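**Q** First to last, the sequence lines map onto chains A and B. Position one of the first sequence corresponds to residue 1 (my numbering), numbered consecutively onward. Position one of the second sequence corresponds to residue 640 (my numbering), numbered consecutively onward.
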Amino acid sequence: MATSASNAEPLELLPSAILATILEKLDVPSICSVASTCKTLNACASQILSFLPNFHLLDLAAPIDLLRPLLQPNPFLRSLKIDCSRLDDSDIEYLVRPSLHELYLHNCEDFSGRLLSAVGGRCVNLRSLYLGSVAEKRGRAIHISDLEELLSGCTQLESLSLMFDVSIFLHHNFSQVWATASAKLAALEIGYISSVMVTELLSPTLGPQQPPSHMQPLVFPHIQRLSLSVDYITDTLVATISKGLMSLSHLDLRDAPIIEPTMTFDLTNPGLQLINQHGKLKYLSLIRSQEYLQTYFRRVNDLGILLMADKCSNMESISLGGFCRVTDTGFRAILHSCSSLQKLRVSHGIQLTDLVFHDISATSLSLTNVSLIWCNLLTNLAIVRLVTNLGLMYLDLRDCRNLGDEALQAIGMLPKLKTLLLDGSDISDMGLSYLRHGVMRSLVSLSVRGCKRLTDRCISAIFDYSSGKVLQDLDLSNLPNLSDNGILLLAKSRVPLMELRMRECPLIGDTSIMALASMQVDEGGWHGSTLRLLDLYNCGHITSLSFRWFKRPYFPRLRCLGVMRSVNRDMVDALERSRPFLCVACRGEELGTGHWDSDGLYGQDQEEVDELEQWLLEGEIESDYGEMGEGGSEEEMED
Amino acid sequence: MASPKVIVLRTCDGETFEVDESVVYVSETIKNMIEDGCGDGVIPLPNVSSKIFPKVIEYCKKHVSDFESLKKTSNGDEKEKDKDDDSSKKGKEAVPDVEEDAEEKARVEELKEWETTYMDIDQQVLFDLLQAANYLNIKGLLLMAAEKAASMIRGKTPEQIRETFNIKNDFTPEEYEEVRRENAWAFE
Chain A
1 MATSASNAEP LELLPSAILA TILEKLDVPS ICSVASTCKT LNACASQILS
51 FLPNFHLLDL AAPIDLLRPL LQPNPFLRSL KIDCSRLDDS DIEYLVRPSL
101 HELYLHNCED FSGRLLSAVG GRCVNLRSLY LGSVAEKRGR AIHISDLEEL
151 LSGCTQLESL SLMFDVSIFL HHNFSQVWAT ASAKLAALEI GYISSVMVTE
201 LLSPTLGPQQ PPSHMQPLVF PHIQRLSLSV DYITDTLVAT ISKGLMSLSH
251 LDLRDAPIIE PTMTFDLTNP GLQLINQHGK LKYLSLIRSQ EYLQTYFRRV
301 NDLGILLMAD KCSNMESISL GGFCRVTDTG FRAILHSCSS LQKLRVSHGI
351 QLTDLVFHDI SATSLSLTNV SLIWCNLLTN LAIVRLVTNL GLMYLDLRDC
401 RNLGDEALQA IGMLPKLKTL LLDGSDISDM GLSYLRHGVM RSLVSLSVRG
451 CKRLTDRCIS AIFDYSSGKV LQDLDLSNLP NLSDNGILLL AKSRVPLMEL
501 RMRECPLIGD TSIMALASMQ VDEGGWHGST LRLLDLYNCG HITSLSFRWF
551 KRPYFPRLRC LGVMRSVNRD MVDALERSRP FLCVACRGEE LGTGHWDSDG
601 LYGQDQEEVD ELEQWLLEGE IESDYGEMGE GGSEEEMED
Chain B
640 MASPKVIVLR TCDGETFEVD ESVVYVSETI KNMIEDGCGD GVIPLPNVSS
690 KIFPKVIEYC KKHVSDFESL KKTSNGDEKE KDKDDDSSKK GKEAVPDVEE
740 DAEEKARVEE LKEWETTYMD IDQQVLFDLL QAANYLNIKG LLLMAAEKAA
790 SMIRGKTPEQ IRETFNIKND FTPEEYEEVR RENAWAFE
C-alpha cells in the first residue's frame with residue numbers, strides 16, 4: 001500500500017469531529033502516543049479521554065500516578081479493564097464509576113473487601129463484573145457483608161466472575177446472601193469454592209426454625225453459564241447443579257485434588273448420567289487437574305460416557321480432562337452422538353487410539369477446535385482422518401509423542417488453521433516444511449516446544465519470504481539443537497512476532513538477542529522488534545552482554561521478559577529500574593496470561609510420567625475385572 | 640415496477656453526476672435534502688470534489704444491495720425467534736437455520752474482501768474520503784475509513800506516527816519533555 005506521506009494533507013488539520021472518530025478506535029497506549037505528536041493532537045487526545053467508552057489497560061500494571069490523568073471524569077465510560085497489581089483501596093474512587101456497564105479488575109491482591117462493597121454501592125448499572133485475586137495479600141480483610149453489598153447493589157448484573165477463593169465466605173447465611181443477587185444473573189464464574197458449599201447453596205433447604213412449608217428462595221434461577229473451580233467434582237455436585245439450574249447451557253467444572261478422592265467425594269458413572277437433566281446443555285467441561293497430585297477420574301469408564309453421550313446430542317463443545325479409564329468406545333460415542341459438536345478437548349486420554357477417528361468422515365461433524373493432549377497412543381493415522389474436518393481452526397496435540405511428519409503432511413491441508421500446538425511430538429524439520437505453503441498463511445500461534453528432533457533448518461522450513469506473516473506467537477522452547485543461526489534466520493524472515501519463547505534452549509546465546517533486537521520488521525525501515533513477550537529462561541549461552549540489548553531503544557514494545565536471575569543480578573535489577581513497565585520474570589515461571597496450560601501440564605517432568613502411565617495402565621487393567629463399587633475402590637486405595 | 644429515479648448532483652468543482660436515488664439515499668445528508676424537496680433539481684455538494692465522489696458512490700452502490708438483503712434476513716430472523724420458545728431474552732440461544740447461517744458467513748467474508756480492496760488507497764484519498772463521509776453523513780464509510788486511519792496509528796511511537804502522517808512537532812523542548820514524561824510508558 002502506498003503511503004505517500006509527503007503529499008498528503010497533515011492529519012492534524014482534519015476537523016476535530018473526524019479526529020475524534022479515529023482516536024475513539026484506538027487503544028489507550030496508542031492514544032497516549034498520538035498525544036505526544038503535536039499540540040493539536042494532544043488537545044484532541046485529552047478530549048477523547050473525557051468521552052471514551054472503553055478504557056482497557058490489561059498488559060501493564062499501571063500505578064495510580066499514571067492512571068489518574070487518564071481516568072478523567074467521563075460520564076460515557078462504559079467498559080473499564082485494568083491490571084490492578086499496583087493499586088489498592090485508596091484508588092477505588094477512580095475505578096468505581098456509576099456509568100460503567102463492564103468492569104474487569106485483575107490482580108486485586110492489595111485491595112480489601114471494601115472493593116466489593118464500593119462496586120455494589122456505586123456501580124448500579126453494572127452488567128458484567130470480573131474481580132481477580134481480591135484481598136489475597138496477607139492482612140487484607142474481606143467479609144461476607146462485602147459480598148452482600150456487592151450482590152444486592154448491582155441489580156442489573158448479568159455476568160459475575162469472582163476469581164478468588166470464595167470459600168472464605170463460609171458463613172451460616174451464605175445462601176441468603178447469594179439469594180440477593182440480581183435475578184438477571186446469567187453467567188457465574190468462581191475462582192475457588194468447595195463443592196459442599198455449592199451443593200448447599202443450590203439445594204433449597206428448610207431452615208430449622210421455619211415452618212415446613214417455607215422454602216428458601218432459589219439461588220441463581222436463571223443461570224445459563226456456570227464455571228467453577230472446586231476441591232472435588234463429586235456426584236452430588238453434578239446432580240445438584242444439573243437439577244437445580246434449569247437454564248444451564250454452559251457447565252465448566254474443574255478440580256485439583258490434593259488427596260486421592262474417596263468414593264463419596266468423586267465423580268462416578270451414575271453421577272455422570274445426571275448431567276443435562278433439562279436438555280439445554282451445549283458446552284460441558286469436566287477437568288481434573290494434575291496440579292497437586294497425579295490423579296484421575298478413576299471411577300468413570302466407558303459406560304458412564306456412553307450414557308452421558310446419549311443425553312447430550314445437542315452438545316457443541318465437550319472437554320474431558322483426566323478420564324483415564326475411558327477407551328475408544330466412549331470417545332467414539334461422543335463423536336457419533338453429538339452431531340453439532342464443534343469443539344472437542346481430551347486431555348490425559350491415555351487409552352484413546354486412532355480408532356476413535358476411524359470413521360469420522362462418515363459423521364457430519366464440522367469440528368473447529370480439537371485438543372488431544374497427553375494421548376500417547378495416537379499416531380499419524382488419527383490425524384490423517386481428523387483433518388477431513390477442513391474447518392479446523394485450533395489444533396492442540398501437545399504431548400502426543402507418536403505424532404510425526406505424516407501428521408504434519410495431513411495438517412498442511414487445513415485452510416483455516418490459526419493455532420497449532422505440537423509440543424513433545426516426533427516431528428522433524430522436513431515435517432514442518434509441509435506447513436509452509438498452506439497453513440502458514442493463516443497460522444497465528446505455533447508451538448513446537450520439546451520437539452527434540454528439530455534443528456535450525458526448521459526455521460527456514462516454516463518461513464520464507466511470503467509465508468508466516470500473520471504469525472504472532474511462536475514457542476521454540478526445549479529444542480536442544482536450536483542455535484543462534486536459527487534465530488538469525490528468524491530475524492531475517494521479518495515475521496512480526498509478538499510472543500517468542502525459547503526456554504531451556506542450551507545453544508541460544510547473545511547473538512540471538514542481538515539479532516532479535518535489530519530485527520527489521522516493516523518495509524518502512526523501522527528497526528526494533530514487535531515483540532511484547534520474550535522468554536529466555538535458562539538459555540545456555542546468554543550472558544550479561546545481552547542486557548545491553550534489552551535497554552531502550554531496543555525491544556520497544558517488550559512487556560514481559562523471562563531470564564535467569566543468576567546471569568547477573570545487578571543487571572536484572574538495573575533493567576527493572578530503567579524500564580519500570582517491563583515485567584522481568586527470573587524464577588522460571590511461565591510468562592503471559594492465557595497461555596494454553598490449564599491442567600497443570602507444564603509442571604510435569606516428561607520422563608517421570610512415562611513410568612507412571614505404565615503403572616496406571618497396568619493398574620487399570622487389573623481393577624477393570626473387579627467391581628466398580630466398594631470392592632474396587634478399596635483395592636485402589638491400597639495402592 | 641417503476642423505474643428508479645435518477646438524482647443529479649454537482650460537486651464543488653462543477654462536475655455533475657447522475658446516480659440512482661436508492662444509491663444516494665445511503666448518504667443521510669443527501670437523503671434529507673431530497674426529502675426537503677431538492678430532489679428534482681441539481682443537488683449541490685460544495686464540500687465534495689469530483690475526485691473523491693466516484694469512490695463514495697462505489698461504497699454506496701455496494702451497500703445499497705447489502706441494505707436490501709439485510710432487510711430480507713432480518714425478516715427471516717424474526718420468524719426464527721417466534722419458533723424458538725426457549726430462546727433467552729437476549730436471543731443468543733436462538734438456533735439459526737443452518738443454511739441461512741452459511742449464506743450469512745459467505746456474505747460477510749465477501750464483504751470483508753471487498754473492504755480490503757476498497758481501502759487499499761493512499762493517505763490523501765483516505766483523508767478526502769473521511770471528510771466526504773463526514774459531510775455526506777455516511778456512517779458506515781466514516782467508521783471504515785476511521786478504522787483504516789486508526790490501524791495506521793496503532794502501536795506506533797510518536798516519531799513513527801509523525802513520519803507516517805507528516806505531522807510537525809510543535810512542542811517547545813520543555814513542553815515536549817513534560818508530554819514525554821507523562822506518556823513515555825505507552826511507547827517505550
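Quick reminder that beta carbons are idealized off the backbone N, C-alpha and C, glycines included. Because the structure is a prediction, the values reported are computed rather than measured.
1) At what residues does the alpha helix (DSSP H) containing Ile94 (chain A) begin and finish?
2) By Cβ distance, which residues of its chain are closer than 8 Å to Glu649 (chain A), with the 5 residues on each side in sequence left out?
3) For a minimum of 3 consecutive residues, which ranges assigned as the beta strand (DSSP E) are wholly contained in the region 320-361 of chain A?
4) List the residues of chain A whose Cβ lies closer than 9 Å to the Cβ of Asn671 (chain B), in chain order.
5) Step through the CB atoms of chain A and report whether any lies within less than 9 Å of the CB of Asp724 (chain B).
6) Based on Cα-Cα distance, which residue from A:Met308, A:Arg532, A:Tyr232 and A:Thr40 lies nearest to Leu19 (chain A)?
7) May I ask you to report which of helix, strand or coil DSSP gives Cys699 (chain B)?
8) By Cβ distance below 7 Å, which residues in the same chain neighbour Gln472 (chain A) in space, the five residues on each side in sequence not counted?
9) Residue range of the beta strand (DSSP E) that Met163 (chain A) falls in?
10) Does the Cβ of Phe51 (chain A) have 16 or more other Cβ atoms within 10 Å, making it buried, or fewer, making it exposed?
11) Report all residues from its chain with a CB closer than 6 Å to the CB of Leu390 (chain A); omit the five preceding and five following residues, and keep chain order.
12) What residues from chain A crowd round Glu786 (chain B), counting only those whose CB sits closer than 9 Å?
13) Under 7 Å between beta-carbons, which chain A residues line up against Thr796 (chain B)? List them in chain order, please.
14) Among A:Pro556, A:Glu589 and A:Ser227, which residue has its Cα nearest to the Cα of Pro580 (chain A)?
15) Assuming the contact rule is C-beta atoms closer than 8 Å, Ile22 (chain A) and Ala788 (chain B) should be a hit. Round their C-beta distance to whole Å, please.
16) Going by beta carbon distance, what residues of the same chain come within less than 7 Å of Asp659 (chain B), once the five residues before and after it are set aside?
17) Counting pairs of beta carbons, one from the region 671-678 of chain B and one from the region 737-757 of chain B, are three or more of them closer than 8 Å?
18) Roughly how many whole angstroms lie between the Cα atoms of Ser229 (chain A) and Tyr664 (chain B)?
19) Whose C-beta lies closer than 8 Å to the C-beta of Asp573 (chain A) among residues of the same chain, with five residues either side of it excluded?
20) Find the residues of chain B that neighbour Lys39 (chain A), judging by a C-beta separation of less than 7 Å, and give them in chain order.
21) Report yes or no: is there a C-beta of chain B within less than 9 Å of the C-beta of Val584 (chain A)?
22) Mind checking which residues open and close the beta strand (DSSP E) that includes Thr295 (chain A)?
23) Per DSSP, His250 (chain A) forms a beta bridge with which residues?
24) Which chain B residues sit within Cβ distance under 8 Å of Ile18 (chain A)?
25) Give me the DSSP bridge partner(s) of Tyr647 (chain A).
26) If we define contact as Cβ-Cβ less than 9 Å, is Glu821 (chain B) a contact residue for chain A?
27) Using the three-state DSSP reduction, which class does Glu816 (chain B) fall into: helix, strand or coil?
28) Any Cβ of chain B within less than 9 Å of the Cβ of Leu131 (chain A)?
29) Please report how far the alpha carbon of Ala719 (chain A) lies from the alpha carbon of Asp456 (chain A), in whole angstroms.
30) From the DSSP output, in three-state form, read off Pro683 (chain B) for me.
31) Counting only runs that start and end within the region 478-515 of chain A, where is the alpha helix (DSSP H) found for 4 or more residues in a row?
32) Taking only runs of the beta strand (DSSP E) that begin and end inside the region 423-482 of chain A, which ones reach a length of at least 3 residues, in chain order?
33) Could you please give the first and the last residue of the uninterrupted beta strand (DSSP E) stretch that includes Asn42 (chain A)?
34) Throw me the rounded Cβ distance for the Glu149 (chain A) and Lys184 (chain A) pair, which I believe falls under 8 Å.
35) Find the residues of chain B that neighbour Asp69 (chain A), judging by a C-beta separation of less than 8 Å, and give them in chain order.
36) So, does the CB of Val818 (chain B) fall closer than 9 Å to a CB anywhere in chain A?
**A** Once the coordinates are examined:
1) Taking the first sequence and counting its residues from 1, one reaches residue 94 (chain A) at position 94. Before going on, a small fix: residue 94 (chain A) reads as Tyr here, not Ile. Looking at the DSSP string, the run of the alpha helix (DSSP H) that includes Tyr94 (chain A) is Ile92 to Leu95.
2) Shown here, chain A extends from 1 to 639; a query on residue 649 (chain A) therefore has no answer.
3) 343-347
4) Along the second sequence, read from residue 1 onward, the residue named residue 671 (chain B) stands at position 32. Residues of chain A passing the Cβ test: none, with the nearest at roughly 18 Å.
5) Residue numbering aside, residue 724 (chain B) sits at position 85 when the second sequence is read from its first letter. At Asp724 (chain B) the pLDDT is 42, less than 50, meaning the model places this residue with poor confidence and gives no usable figure here.
6) To locate residue 19 (chain A), count along the first sequence from 1; it is residue 19. Residue A:Thr40 is the option with its Cα nearest to Leu19 (chain A).
7) Numbered from 1 along the second sequence, position 60 holds the residue referred to as residue 699 (chain B). Looking at Cys699 (chain B) - three-state DSSP - the assignment turns out to be helix.
8) For the purposes of this step, residue 472 (chain A) is identified with residue 472 of the first sequence, where counting begins at 1. Only Val444, Ser445, Leu497, Met498 and Glu499 meet the Cβ criterion.
9) As a working note, residue 163 (chain A) is residue 163 in the first sequence. Note, Met163 (chain A): beta strand (DSSP E), Ser159 to Asp165.
10) On the first sequence, residue 51 (chain A) is found 51 positions in, with the first residue counted as 1. Phe51 (chain A) should be labelled exposed.
11) Residue 390 (chain A) sits at position 390 when you count from the first residue of the first sequence. So no residue of the chain qualifies.
12) For this step, residue 786 (chain B) is matched to residue 147 along the second sequence. Near Glu786 (chain B) (Cβ distances below 9 Å), the residues of chain A are Ile22 and Lys25.
13) As a first step, residue 796 (chain B) is located in the second sequence; it is residue number 157 there, counting from the start. Here the neighbours are Ser33 and Pro556.
14) Position 580 of the first sequence, counted from the first residue, corresponds to residue 580 (chain A). Among A:Pro556, A:Glu589 and A:Ser227, the Cα nearest to that of Pro580 (chain A) belongs to A:Pro556.
15) Taking the first residue of the first sequence as position 1, residue 22 (chain A) is located at position 22. Taking the first residue of the second sequence as position 1, residue 788 (chain B) is located at position 149. That pair is a contact at about 5 Å.
16) Residue 659 (chain B) sits at position 20 when you count from the first residue of the second sequence. Excluding sequence neighbours, Asp659 (chain B) sits near Pro643 and Val645.
17) no
18) Mapped onto the first sequence, residue 229 (chain A) falls at position 229. Mapped onto the second sequence, residue 664 (chain B) falls at position 25. So the two alpha carbons sit approximately 54 Å from each other.
19) Residue mapping note: residue 573 (chain A) aligns to position 573 of the first sequence, counting from 1. Closer than 8 Å at Cβ, skipping near neighbours: no residue.
20) The residue labelled residue 39 (chain A) in the question sits at position 39 within the first sequence. Those within 7 Å of Lys39 (chain A) in chain B are Asp809 and Phe810.
21) For this step, residue 584 (chain A) is matched to residue 584 along the first sequence. No, because no Cβ of chain B sits closer than 9 Å to the Cβ of Val584 (chain A).
22) Along the first sequence, read from residue 1 onward, the residue named residue 295 (chain A) stands at position 295. Segment: none, Thr295 (chain A) is in no beta strand (DSSP E) and carries neither H nor E.
23) Numbered from 1 along the first sequence, position 250 holds the residue referred to as residue 250 (chain A). Looking at the DSSP assignment, His250 (chain A) forms a beta bridge with A:Arg225 and A:Tyr283.
24) Residue mapping note: residue 18 (chain A) aligns to position 18 of the first sequence, counting from 1. Correct list: Leu769, Gln770, Asn773, Leu781 and Ala785.
25) Residue 647 (chain A) is absent from the structure shown; chain A starts at 1 and stops at 639.
26) For the purposes of this step, residue 821 (chain B) is identified with residue 182 of the second sequence, where counting begins at 1. Closer than 9 Å: yes.
27) Numbered from its first residue, the second sequence carries residue 816 (chain B) at position 177. In the structure shown, Glu816 (chain B) sits in a helix (DSSP, three-state: H, G or I).
28) Stepping through the first sequence from its first residue, residue 131 (chain A) is reached at position 131. It does not; no Cβ of chain B falls within 9 Å.
29) No answer is possible for residue 719 (chain A): it lies beyond the span of chain A, which begins at 1 and ends at 639.
30) As a working note, residue 683 (chain B) is residue 44 in the second sequence. If DSSP states are grouped into helix, strand and coil, Pro683 (chain B) belongs with the strands.
31) 484-493
32) 445-447 and 473-475
33) For the purposes of this step, residue 42 (chain A) is taken as the residue at position 42 of the first sequence. Element bounds for Asn42 (chain A): not the beta strand (DSSP E) but the alpha helix (DSSP H), Lys39 to Ile48.
34) For the purposes of this step, residue 149 (chain A) is taken as residue 149 along the first sequence, with counting starting at 1. For the purposes of this step, residue 184 (chain A) is taken as residue 184 along the first sequence, with counting starting at 1. The Cβ separation is near 18 Å, so there is no contact.
35) Position 69 of the first sequence, counted from the start, is the residue given in the question as residue 69 (chain A). The sequence as given places Pro at residue 69 (chain A); Asp does not occur at that position. Ordered by position in chain B, the residues that pass the 8 Å Cβ test against Pro69 (chain A) are Glu821.
36) Start at 1 with the first residue of the second sequence, and residue 818 (chain B) comes out as number 179. Yes, because at least one Cβ of chain A sits closer than 9 Å to the Cβ of Val818 (chain B).
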